[in-house]
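Enquirer:
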Amino acid sequence: MSTINAQADNASRHAALNATAGCVHNWSQTLVPTTREAPSDAETPSHIFLVRAGYIRQVGAGIYNYLPLAWRSLKKISAIVREEMDAAGASEFLMPALMPIELYKDTKRDVDYGNLLFTLEDRHGRRSALGPTHEEVITDLMCGAVTSYKQFPLNLYQIQSKFRDEARPRAGLLRCREFIMKDAYSFHLELEGDAGLNHTYDKMYQAYTNIFTRCGLDFSAVEAEAGPIGGSASHEFMVNCANGEDTILHCPSSGYTANVEKAEIGERTWSFDVAPSAEITKHHTPNMPGIDLVAEHLGVQPAGMLKSIVFRRVGTEAKWVVAVVRGDHDVNEGKVRDAVGTAVELAPEAEARAAGFAIGYVSPRTIDTIKMTLVVDPDALNAESWATGADEKDHHITGFNWSRDMADAIAGGKVKVADIRNAEAGDPSPRAPGAFLETRRGIEVGHIFKLGTKYSSAMGLSVLNKEQKKQDVIMGCYGIGVSRTLSACIESAHDENGIIWPLAIAPYHAQIVVIRPDDEGVMDEANKLAAELSQQGFDVLIDDRDDRPGSKFKDADLIGIPLRFIISPKTIESGEIEFKARADEGKAELIKREDAVRAALAKCESIA
RNA sequence: CAGAGAGUAGCUCAGCUUGGUAGAGCGUCUGGUUUGGGACCAGAAGGUCGCAGGUUCGAAUCCUGUCUCUCUGACCA
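Taking this note's numbering, I'd label the letters of the first sequence as residues 537 to 1144.
#1: Using the C-alpha atoms, what's the distance from Glu800 back to Phe629?
#2: State the DSSP-derived secondary structure class of His670, mapped to helix, strand or coil.
#3: Output the residue ranges of the beta strand (DSSP E) runs that lie fully inside the stretch 557-621 and measure 3 residues or longer, sorted by chain position.
#4: For Pro914 and Val953, which I take to be in contact (beta-carbon distance under 8 Å), what is that distance rounded to the nearest angstrom?
#5: Return the CA-CA distance between Val775 and Glu672, expressed in angstroms with no decimal places.
#6: Leaving aside the five residues before and after Met537 along the sequence, list all residues of the same chain whose C-beta is less than 8 Å from its C-beta, in chain order.
#7: Distance check for Asp730 and Pro689, CA to CA, integer angstroms please.
#8: Rounded to whole angstroms, what's the CA-CA distance from Ile1095 to Asn734? Just pull it up for me.
#9: Relative to the alpha-carbon of Val568, which residue among Gly970, Ile1078, Asp577 and Ile1113 has its alpha-carbon at the smallest distance?
#10: Report the option in Val1049, Asp1120, Asp955 and Glu1068 whose CA atom is closest to the CA atom of Phe1089.
#11: Taking the alpha-carbon positions, what's the Leu692 to Lys798 distance?
#12: Could you tell me if Asp941 is buried or exposed, where buried requires 16 or more neighbouring beta carbons within 10 angstroms of its beta carbon?
#13: Short of 6 Å in beta carbon distance, which residues of its chain neighbour Val836, apart from the five on each side in sequence? Order them along the chain.
#14: Looking at the secondary structure, which residues open and close the alpha helix (DSSP H) in which Lys1090 lies?
#15: If I measure Cβ to Cβ from Ser614 and keep anything under 7 Å in the same chain, skipping five residues before and after, which residues do I get?
#16: For the stretch 976-1049, list the beta strand (DSSP E) runs that are entirely contained and at least 3 residues long, ordered along the chain.
#17: Is the stretch 707-726 touching the stretch 1010-1027, taking contact as three or more C-beta pairs under 8 Å?
#18: Under DSSP, the beta strand (DSSP E) around Gly962 begins and ends at which residues?
#19: Compare the beta carbon distance of Ala1046 and Leu1099 with 7 Å and say whether it is the shorter of the two.
#20: Please report how far the alpha carbon of Phe936 lies from the alpha carbon of Ser921, in whole angstroms.
#21: Quick one, are the C-beta atoms of Ser789 and Ala555 less than 7 Å apart?
#22: Given Asn1033, which residues of its chain have a CB within under 8 Å of its CB, disregarding the five upstream and five downstream residues?
#23: Who are the Cβ neighbours of Ile1097 in its own chain at under 8 Å, not counting the five residues just before and after it?
#24: Give me the Cα-Cα distance between Ile1113 and Ala606, rounded to the nearest whole angstrom.
#25: Going along the chain, which unbroken runs of the alpha helix (DSSP H) with 4 or more residues stay wholly within the stretch 681-705?
#26: Under the three-state reduction of DSSP, which class applies to Ala769: helix, strand or coil?
#27: What runs of the beta strand (DSSP E), each 3 residues or longer, lie entirely inside the stretch 920-974?
#28: What are the boundary residues of the beta strand (DSSP E) that includes Phe893?
#29: Let me know if Gly982 comes out buried or exposed under the rule of 16 or more other beta-carbons within 10 Å of its beta-carbon.
#30: Considering just the uninterrupted stretch of the alpha helix (DSSP H) at Lys1064, what are its terminal residues?
#31: Just to check my reading of the structure: Arg704 and Leu652 have Cβ atoms closer than 8 Å, yes? What is that Cβ distance to the nearest angstrom?
#32: Opposite Ala552 in the DSSP bridges: which residues?
#33: Helix, strand or coil: which one does DSSP assign to Leu652?
#34: Whose CA, out of Phe847, Leu1039 and Thr902, lies closest to the CA of Ala875?
#35: Who are the Cβ neighbours of Cys1013 in its own chain at under 6 Å, not counting the five residues just before and after it?
#36: For Ala626, is the classification buried or exposed, using 16 other Cβ atoms within 10 angstroms of its Cβ as the cut-off for buried?
Shown next as structure tokens:
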């Protein structure tokens, strides 16, 4: 963990506190519109609490106001990101959010990104885009700004609002159309060595580990698919949380961790040579979309069926690919791509029908009538008898047997066996023989990629190297969803009463709940304590509202400030003060007034 | 994009079937009484019922169109 520039006399101060004096704010002078009820459409905890606790208000679908509390937390996350990025040798700068659409032409991302790209037209009829990421802008910038190999390596980053026209924004800040992101781009002429991509990639991996650790998050770094952004290697940083959107596979024995798109499956035994146990029988199965319905009708389990998915190779001649998996498994497009050696996409239904595929009723036997590549998952081979499509509308068959019914194709080497499905809990580990994969859920908050020369070659970013040869620049890119990190943190750290912030990214470190602020001396005492805490680097929120104690306690739980003091006429009378951590169960404890700051400092050590 | 649902007060919702000029709770404001886990009493403010057409003597309510938002799925650095 990197250190903050601490003053000499505060060398032991907790890293989550300010190095210099913290701020003191009064609740009555800021905007924290808490509500008793959440909007009815809020369903996930982070969405409910962000709204109820007065952090965000919705403006449109996937577009939110960040109110003062949220903005303070976002700034703290950003500050940690900046410190770690700077410490890792990256330089902050800022690109525009708005850019001419032409920038996306060379890389074809205006098409590849599709409707996800926000576009608009200005008064002159020019089309522009709101940046979803900035590979093109920075590559274009580098084309003109970097002239010599001696300027590499470079790593530049920005923190900025990003725009994606998500088909379905959801869950508050978790999936927005406008969101805050840190994106970094690195440039190299080689992979290895101190100046190479791999070195920077490793530094970013470490910086991300530092960032999410300092944010107080429970997270995993997982191997990931590069996706449409392209590139050769990538890792995702996922906040572990039970209701996360993404599935992670984990091998407890080897520590192998990958997301479901990437996760490999260990060795599985399989054979074509299984004696048939039944004749092929045709069944009429009309109006049964989905494996489950057909299986039920045929009286078999989904695991007793074969699922045949028709893909089309992207941009080549021999175009059809049929991927066969067991009925209860899901085909993994990336693995199919790797198995057949070219990019594939789900075949458009109309075209596949025109080519002779009985979509919805396709079986491996289609290979007898249509020229195609057949890829089969090992788990789709071993049974004596399978139920599958009849290659004819509204019909399925039972009794299919690979060795008997596909003998010619197998003998001709036309049946390729490969791991082409999503891994599941219980699958053999790819790294530790005898071990089995487990699943977890997570929310992606960071992603690092080795891009290679995808963008530089498409946009002509090249320089003369030492040997005076023109060379495409090798790139990496590194993203962090700043606003998503805020909500992911709440997803994993809350109780039924509200948010429980880690010290490092809480909007304030400490809150002083003032009971009877109108009573003589109580506010004075609160201000005095706030000043003392502030001197020690605490950011302090004083709840000075003239409200009943019950409401103030409820609101305090809701907004989730880590440390809480309670001052009332009673505590002043006895020379004491009440103190508790938000994460602690039960009531606050009474401590001596003069011990207040010391108690707060000590608590920082135990909770953060 | 497919399927489903919802737009009435700051928030949660009722009213719509069976048309007659709009309600409750919470919140807000005033006064009073209160003050340790979302108090109480009295009073007040606040809505051209998403928008546009249509039917009708009369539309929140019926019809048509349209916009917006949400959920499930597909999609997704």
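We put the beta carbon where it would ideally sit given N, CA and C, even for glycine.
Expert: By the coordinates alone:
#1: As a working mapping, residue 629 is identified with position 93 in the first sequence. As a working mapping, residue 800 is identified with position 264 in the first sequence. When rounded, the distance between both Cα atoms is 38 Å.
#2: Within the first sequence, residue 670 is the residue found at index 134, counting from 1. Coil, per DSSP.
#3: 560-562, 592-596 and 599-602
#4: Locating residue 914 in the first sequence gives position 378, where the first residue counts as 1. Locating residue 953 in the first sequence gives position 417, where the first residue counts as 1. That pair is a contact at about 6 Å.
#5: Locating residue 775 in the first sequence gives position 239, counting from the first residue. Locating residue 672 in the first sequence gives position 136, counting from the first residue. Approximately 29 Å between the Cα atoms of the pair.
#6: Here residue 537 refers to the residue found at position 1 of the first sequence. Bear in mind that a pLDDT of 39 at Met537, under 50, signals an unreliable position, so the model cannot answer this.
#7: The count along the first sequence starts at 1 and reaches residue 689 at position 153. The count along the first sequence starts at 1 and reaches residue 730 at position 194. Distance between the alpha carbons of Pro689 and Asp730 is about 9 Å.
#8: Residue 1095 sits at position 559 when you count from the first residue of the first sequence. Residue 734 sits at position 198 when you count from the first residue of the first sequence. One C-alpha to the other measures close to 42 Å.
#9: Here residue 568 refers to the residue found at position 32 of the first sequence. Comparing Cα positions, the closest option is Ile1078.
#10: Residue numbering aside, residue 1089 sits at position 553 when the first sequence is read from its first letter. Considering only alpha carbons, the answer is Val1049.
#11: Taking the first residue of the first sequence as 1, we reach residue 692 at position 156. Taking the first residue of the first sequence as 1, we reach residue 798 at position 262. Each residue's alpha carbon lies about 28 Å from the other.
#12: Against the first sequence, residue 941 aligns to sequence position 405. By the neighbour-count rule (16 or more Cβ atoms within 10 Å), Asp941 is buried.
#13: As a first step, residue 836 must be located in the first sequence, where it is residue number 300. Hits under 6 Å: Ala923.
#14: On the first sequence, position 554 is the one that residue 1090 refers to. Looking at the DSSP string, the run of the alpha helix (DSSP H) that includes Lys1090 is Pro1085 to Ile1095.
#15: The residue given as residue 614 occupies position 78 in the first sequence. Non-local C-beta neighbours of Ser614 in its own chain, meaning closer than 7 Å and more than five positions away in sequence, comprise Ile695 and Val1018, ordered along the chain.
#16: Taking only runs of at least 3 residues, the beta strand (DSSP E) segments lying wholly in the stretch 976-1049 are 998-1000, 1006-1008 and 1010-1017.
#17: yes
#18: Position 426 of the first sequence, counted from the start, is the residue given in the question as residue 962. Unbroken run through Gly962: none, as it is neither H nor E.
#19: Within the first sequence, numbered from 1, the residue matching residue 1046 stands at position 510. Within the first sequence, numbered from 1, the residue matching residue 1099 stands at position 563. Result yes, Cβ atoms of Ala1046 and Leu1099 sit closer than 7 Å.
#20: Here residue 936 refers to the residue found at position 400 when the first sequence is read from its first residue. Here residue 921 refers to the residue found at position 385 when the first sequence is read from its first residue. Rounded to whole angstroms, Phe936 to Ser921 spans 5 Å at the Cα level.
#21: In the first sequence, counting from the first residue as 1, residue 789 sits at position 253. In the first sequence, counting from the first residue as 1, residue 555 sits at position 19. Not a contact, by the Cβ cut-off of 7 Å.
#22: Position 497 of the first sequence, counted from the start, is the residue given in the question as residue 1033. Once the five neighbours on either side are set aside, the close Cβ partners of Asn1033 are Lys1090, Asp1093 and Leu1094.
#23: To locate residue 1097, count along the first sequence from 1; it is residue 561. Hits under 8 Å: Trp1037, Ala1042, Pro1043, Tyr1044, His1045, Ala1046, Gln1047, Leu1077 and Arg1118.
#24: Here the question's residue 1113 lines up with position 577 in the first sequence. Here the question's residue 606 lines up with position 70 in the first sequence. Their Cα atoms are separated by approximately 29 Å.
#25: If only uninterrupted alpha helix (DSSP H) runs of at least 4 residues are considered, none is enclosed by the stretch 681-705.
#26: Along the first sequence, one-based indexing puts residue 769 at 233. The answer is strand: DSSP assigns Ala769 an E or B state.
#27: 922-925, 931-936 and 951-953
#28: Along the first sequence, read from residue 1 onward, the residue named residue 893 stands at position 357. It is not in any beta strand (DSSP E) - Phe893 carries neither H nor E in the DSSP assignment.
#29: Position 446 of the first sequence holds residue 982. Result: buried.
#30: Translated into the one-based positions of the first sequence, residue 1064 becomes position 528. Start and end: Val1058 to Gln1071.
#31: Start at 1 with the first residue of the first sequence, and residue 704 comes out as number 168. Start at 1 with the first residue of the first sequence, and residue 652 comes out as number 116. In fact, because the Cβ distance is near 12 Å, the residues do not count as touching under 8 Å.
#32: Against the first sequence, residue 552 aligns to sequence position 16. Its beta-bridge partners do not exist; DSSP assigns none.
#33: As a first step, residue 652 is located in the first sequence; it is residue number 116 there, counting from the start. Here Leu652 sits in helix by DSSP.
#34: The residue given as residue 875 occupies position 339 in the first sequence. The shortest Cα separation from Ala875 among Phe847, Leu1039 and Thr902 belongs to Phe847.
#35: As a position in the first sequence, residue 1013 is number 477, starting the count at 1. Hits under 6 Å: Tyr721, Phe985 and Leu987.
#36: As a working mapping, residue 626 is identified with position 90 in the first sequence. Buried is the call here.
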